[in-house]
Amino acid sequence: MRIAIVDESASRAAVIREGLAVLDDCEIYVVTERRGMVARIGEIAPDIVLMDLGNPSRDMLEEYFAVSRALARPIAMFVDESDEESIAASVDAGVSAYVVDGLAPHRIRPLLDLAVRRFNAFARLQADLDEAKGKLAEHDAVDKAKRILMDSRGFTEPQAYAELRKTAMNQGRRIAEIAEALITAHKLLGGA
Amino acid sequence: MANELTIGFLPLVDACLPILAQEHGFAEAEGVSLRLVKDMSWATVLDRLLYGHSHAAHMLAPLAIATTLGRGRPAQPLSAPFVLGLNGNAITLRPDLADLVCPSGRLGDPRIVGTTLSAFAKQSAVKGKRLRFGVVHRYSSHNYMLRYWLAASGIRPDHDVEIITIAPPFCADALEAGEVDGICVGEPWNSVAVERGAGRIVLATAQIWRRGVEKVLAFREPVMEERRDQVEALIRALVATGRHFVDPANWDANAAILARSEYLDGSANIIRGAIADRLLLERNGKPVHYPDFMFQYREAANFPWVSQAEWLYTQMARWDGTGFDASDAAKAARVFRPDIYRSALAGTNEPLPGASSKVEGSVGQTTVVGTQQGRMTLESNRFFDGKTFDPANLEGYLASLT
């Protein structure tokens, strides 16, 4: 079976590809470039196309599947109505699947399940990464705010931190928020 | 939440009413809260609607009909109780082609541009270089308006020229890269191409059909029935938003909101131009005023005339090559739901047409229609070739087109 993974995010495509590598007798192709996508898919002649739901090229590709004479076998949306549940799960996970006409559902479902799990895993990774990045940014803000207090009020570092913490507790807000507010105020007052 | 409605949209100026209904509190005033979900393709907006991620969608009117008829995927009945706007699209050609077919400095005359383009397109086709046009979706008014104009100008779509699908945000890129010779797309994407020097606007679709139906507010029929109270509240909120939207006093503020990254993520200046019917036709030119480029409120613009759905069905039958089917025509007609529109606005001052269908493209300057409150005068809604569409005779109309 020939599978094309179409995703503008190369890292997500890699995660999906790795997940599908466990399948027997499958050839997997990754398409990340929008330019020349249609020609590339024509060359691959896939049995299944997996595409991220947010991909802006979906309408173009659906049109191509619908009217193209270039593909030897027509590709449809994954439209076997008995598989409504699988489709709903894939839409929830953010993947759209297109399947060549006549491919048996029992061959599609395990593959789609695997793809859905991979998309979900990638989304979790992304969320973890965003959270870690957010924490890092917060950490930077607290450091910057401490330095402002140390410079402007002659505090030691522990004193500066204690001041931020006290203000946060009094106002019922998070230290990072107080730090952000302080940085903003400092900027408005002409600080660097 | 029971009073919350999630609405999917694409970043286009004509997604304005739901966005602004939420931003200005018109929705809240009617007791509904809107959550807006942006996507980058119609396929995804539709998937979210069909699989319950959203209750309603900003949707191409022909796509709502195609989905109901099961074109391209299993049929699911959709309902459109509200038209989000008429027209607002334009045809932009690469500058050297535009110079051949249309004098610069103003919009072209659709008959003259069409005739000139026809001669050039046929020459190109003979040389084995068919002109290629991009539209935003196979089931879009853009596709049908472009084809209507080309065909009436003697150009056979799919034969003399090629028509392909391109997502709106990539239209300017495609023109610039020479992948297409022209595009038919909504704002702000024509102007983006113009600003880059990749194209020149030669026609507004409002010149092809003066009152052409564009996007609708689409629901899955069962969802619309279940949430009927919220749907009617939303319709009232959208009408109030439309009244506010067309008032020049609000254009700056509305353009600034729509330009934000969570909505259109674009230039407030370009968006304001579309709202104000002022288009920059070519780079370094002066904006040109073309009245009713977009049409969001007057003359009960949002009323879902069944005849509009029927006109779209005739074009679908014409270009899908499926021929006329009376049962499909009836299903297509039922997608537009004037009954819900009337029910939502009963007792307000908004004009409620008494009839649900009208002859489209009436050649006279004005048409008077009866409303529940009296009479309403409609300005010209003509097609550029002077043809009229009588919904009482769909097959006859289709036959007259070939």
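Protein chains in written order, with our numbering: chain A, 1 to 192; chain D, 1001 to 1402.
In this text, a Cβ means the ideal position worked out from N, Cα and C, and glycines have one as well.
The alpha helix (DSSP H) spanning residue i covers which residue range?
{"i": "A/TYR64", "result": "58–67"}
{"i": "D/LEU1097", "result": "1095–1101"}
{"i": "A/PHE119", "result": "105–153"}
{"i": "D/ARG1243", "result": "1228–1245"}
{"i": "D/ASP1252", "result": "1251–1258"}
{"i": "D/GLU1299", "result": "It is not in any alpha helix (DSSP H) - D/GLU1299 carries neither H nor E in the DSSP assignment."}
{"i": "A/ILE16", "result": "10–20"}
{"i": "D/ASP1173", "result": "1171–1176"}
{"i": "A/MET37", "result": "37–44"}
{"i": "D/ILE1340", "result": "1338–1345"}
{"i": "A/ALA89", "result": "84–93"}
{"i": "D/THR1314", "result": "1306–1320"}
{"i": "A/ALA4", "result": "First-last for A/ALA4: 2–6, but that is the beta strand (DSSP E), not the alpha helix (DSSP H)."}
{"i": "A/ALA160", "result": "157–171"}
{"i": "D/GLY1186", "result": "Per DSSP, D/GLY1186 belongs to no alpha helix (DSSP H); it is in the beta strand (DSSP E), 1182–1186."}
What's the C-alpha gap between residue i and residue j?
{"i": "D/GLY1321", "j": "D/ARG1236", "result": "39 angstroms"}
{"i": "A/ASP215", "j": "D/GLU1004", "result": "Outside the shown range of chain A (1 to 192) lies residue 215 of chain A, about which nothing can therefore be said."}
{"i": "D/ALA1259", "j": "D/VAL1013", "result": "9 angstroms"}
{"i": "D/THR1115", "j": "D/ILE1155", "result": "9 angstroms"}
{"i": "D/ARG1210", "j": "A/ALA13", "result": "46 angstroms"}
{"i": "D/ASP1181", "j": "D/ARG1132", "result": "5 angstroms"}
{"i": "D/ILE1019", "j": "D/LEU1036", "result": "7 angstroms"}
{"i": "A/ALA97", "j": "D/PRO1062", "result": "23 angstroms"}
{"i": "D/GLU1262", "j": "D/LYS1038", "result": "8 angstroms"}
{"i": "A/HIS106", "j": "D/TYR1144", "result": "39 angstroms"}
{"i": "D/GLU1299", "j": "D/THR1377", "result": "7 angstroms"}
{"i": "A/ALA66", "j": "A/ALA179", "result": "55 angstroms"}
{"i": "D/VAL1192", "j": "A/VAL91", "result": "32 angstroms"}
{"i": "D/ALA1174", "j": "D/ILE1270", "result": "20 angstroms"}
{"i": "D/ASP1292", "j": "D/PRO1188", "result": "16 angstroms"}
{"i": "D/PHE1245", "j": "A/GLY102", "result": "50 angstroms"}
{"i": "D/ASP1390", "j": "D/GLU1379", "result": "18 angstroms"}
{"i": "D/GLU1221", "j": "D/VAL1306", "result": "16 angstroms"}
{"i": "A/ILE3", "j": "A/LEU125", "result": "24 angstroms"}
{"i": "D/LEU1312", "j": "D/VAL1202", "result": "24 angstroms"}
{"i": "D/THR1205", "j": "D/GLY1088", "result": "7 angstroms"}
{"i": "D/SER1124", "j": "D/LEU1049", "result": "42 angstroms"}
{"i": "D/LEU1217", "j": "D/ARG1228", "result": "14 angstroms"}
{"i": "D/ARG1337", "j": "A/HIS186", "result": "57 angstroms"}
For residue i, return the contacting residues in chain A, with the cut-off set at a CB-CB distance below 8 angstroms.
{"i": "D/ASP1047", "result": "LEU53, VAL91, SER96"}
{"i": "D/LEU1051", "result": "Here residue 1051 of chain D turns out to be Tyr, not Leu, going by the sequence shown. Going along chain A in sequence order, the residues near D/TYR1051 (Cβ under 8 angstroms) are ILE87, ALA88, VAL91, ASP92."}
So with CB distances below 7 angstroms, who are the chain A contacts of residue i?
{"i": "D/TRP1042", "result": "ASP59"}
{"i": "D/ILE1166", "result": "MET60"}
{"i": "D/PRO1188", "result": "Residues of chain A passing the Cβ test: none, with the nearest at roughly 16 angstroms."}
Is residue i near residue j, with beta carbons less than 8 angstroms apart?
{"i": "A/LEU61", "j": "A/VAL95", "result": "no"}
{"i": "D/PHE1009", "j": "D/HIS1055", "result": "no"}
{"i": "D/LEU1394", "j": "D/GLU1310", "result": "yes"}
{"i": "D/ARG1200", "j": "D/SER1104", "result": "yes"}
{"i": "D/ARG1081", "j": "D/MET1224", "result": "The sequence shown places Pro at residue 1081 of chain D, rather than the Arg named in the question. Yes, Cβ-Cβ distance for D/PRO1081 and D/MET1224 is below 8 angstroms."}
{"i": "D/PHE1383", "j": "D/ILE1163", "result": "no"}
{"i": "D/GLY1354", "j": "D/THR1366", "result": "no"}
{"i": "A/ALA121", "j": "A/VAL15", "result": "yes"}
{"i": "D/PHE1219", "j": "D/VAL1083", "result": "no"}
{"i": "A/ILE41", "j": "A/MET1", "result": "no"}
{"i": "D/ALA1198", "j": "D/ALA1233", "result": "no"}
{"i": "D/HIS1142", "j": "D/CYS1184", "result": "yes"}
{"i": "D/TRP1042", "j": "A/ASP59", "result": "yes"}
{"i": "D/TYR1139", "j": "D/LEU1060", "result": "yes"}
{"i": "D/VAL1231", "j": "D/ILE1340", "result": "yes"}
{"i": "A/PRO56", "j": "D/MET1294", "result": "no"}
{"i": "D/ALA1021", "j": "D/THR1348", "result": "no"}
{"i": "D/VAL1135", "j": "D/LEU1150", "result": "no"}
{"i": "D/LEU1264", "j": "D/ALA1317", "result": "no"}
List the endpoints of the continuous beta strand (DSSP E) containing residue i.
{"i": "D/LYS1215", "result": "1215–1220"}
{"i": "D/LYS1403", "result": "Residue 1403 of chain D is absent from the structure shown; chain D starts at 1001 and stops at 1402."}
{"i": "D/SER1079", "result": "1078–1083"}
{"i": "D/VAL1037", "result": "1033–1038"}
{"i": "D/LEU1005", "result": "1004–1009"}
{"i": "A/GLU27", "result": "27–31"}
{"i": "D/PHE1120", "result": "It is not in any beta strand (DSSP E) - D/PHE1120 instead sits in the alpha helix (DSSP H) that spans 1110–1126."}
List, in order along the chain, the chain D residues whose C-beta lies closer than 9 angstroms to that of residue i?
{"i": "A/GLU63", "result": "HIS1137, ARG1138, ILE1164, THR1165"}
Listing by chain order, which chain D residues have their CB less than 8 angstroms from the CB of residue i?
{"i": "A/ALA66", "result": "GLY1072, ARG1138"}
{"i": "A/PRO56", "result": "MET1040, SER1041, ALA1167, PRO1169, PHE1170"}
Contact between the region 1157–1174 of chain D and the region 1095–1111 of chain D: three or more CB pairs below 8 angstroms? no
Does the pairing of the region 127–134 of chain A with the region 24–37 of chain A give three or more beta-carbon distances under 8 angstroms? no
Three-pair Cβ contact test at 8 angstroms for the region 1316–1335 of chain D versus the region 1068–1078 of chain D: yes
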